[in-house]
């Protein structure tokens, strides 16, 4: 009986992998998984570079501002805010969103996501300018992506900055797609050398900007947060005590389970 169950699980996993391997269908679980699923799809669609989990200092508040991701392509850059909302969503007069669950009927109120994304763009521009990047005014545009297939609307027209689930699944890698025209084209008319130099500098600054730590589990599962310390058996923690955080960008931990399968955990920064 156990052999039949195990064989059935293996066949089921293989069937899903070969016939349902679509980035859109993977967005069902946590907010972190939704963010990385959106990032992977954007990179495939627009052949750009996506920086996930930025933790940028905000000079106005003295704290750090979380940015889900920044998409950079040739001549374009945009702040992407991901809202993994499931349920019926409506917009209030003050711009805030209310999400009512399909089964629980419990309403959750969310601050205006478009205003938050606009604020993130302003803070990121200030940060980049402080690090020596000369940006035209309004260089970064901003979008709010809702990738959850359980998202529903209640007779509301969403702002143009919002990409609903139905619009998200229809995005195509075409010049005239919904994401084209994000940037005003300030550098498209300049010299090629200037464009390349600017994008090299921009990508370097973004790659070295403060980011959340990333916990990557086997099976394309992710968690974003701040890594504090190792806990476990003394012999394990002693071996890890000499690791310097500033010198390590990736730490891989493997453990063999009872079935002989590896559990893979990666800490990235």
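In UniProt numbering, the protein residues as written are 1 to 269.
Ideal Cβ placement from N, Cα and C applies to all residues, glycine included.
Since this is a predicted model, take the numbers as computed values, not measurements.
Check: Residue environment, residue 37, which counts as buried when at least 16 other CB atoms sit within 10 Å; Outcome: buried
Check: Residue span of the alpha helix (DSSP H) that contains residue 127, given as start and end; Outcome: 113-130
Check: Other residues of its chain near residue 101: CB distance less than 6 angstroms, five sequence neighbours each side excluded; Outcome: 87
Check: Buried versus exposed, by CB contacts within 10 Å (16 or more), residue 111; Outcome: exposed
Check: The beta strand (DSSP E) enclosing residue 222, as first and last residue numbers; Outcome: 221-225
Check: From 61, 114, 108 and 226, residue whose alpha carbon lies closest to that of residue 272; Outcome: Nothing about residue 272 can be reported from this structure: the residues present for the chain run from 1 to 269 only.
Check: Pick from 99, 134 and 160 that is closest to residue 118, judged by C-alpha positions; Outcome: 160
Check: Presumed contact (8 angstroms Cβ cut-off) between residue 139 and residue 77, rounded CB distance; Outcome: 7 angstroms
Check: Rounded straight-line distance, which links the Cα of residue 147 to that of residue 158; Outcome: 15 angstroms
Check: Residue 233 to residue 218 span [Cα, whole Å]; Outcome: 22 angstroms
Check: Integer Cβ distance of residue 123 from residue 82, believed to fall under 8 angstroms; Outcome: No, residue 123 and residue 82 are not in contact; Cβ-Cβ is about 18 angstroms, not under 8 angstroms.
Check: Contact under 7 angstroms by Cβ, residue 55 with residue 173; Outcome: no
Check: Those runs of the alpha helix (DSSP H) which lie wholly inside the region 135-169 and span at least 4 residues; Outcome: 165-169
Check: Whether residue 39 touches residue 84 by CB criterion (7 angstroms); Outcome: no
Check: For residue 43, the first and last residue of its enclosing alpha helix (DSSP H); Outcome: 31-46
Check: Distance between residue 108 and residue 94 (C-alpha atoms, nearest Å); Outcome: 15 angstroms
Check: Residue 208 (DSSP reduced to helix, strand or coil); Outcome: coil
Check: When 52, 42 and 250 are compared against residue 212, the one with the closest alpha-carbon; Outcome: 52
Check: Coarse secondary structure for residue 238, derived from DSSP in three states; Outcome: helix
Check: Expected contact under 8 angstroms - CB spacing of residue 71 and residue 50 to nearest Å; Outcome: 5 angstroms
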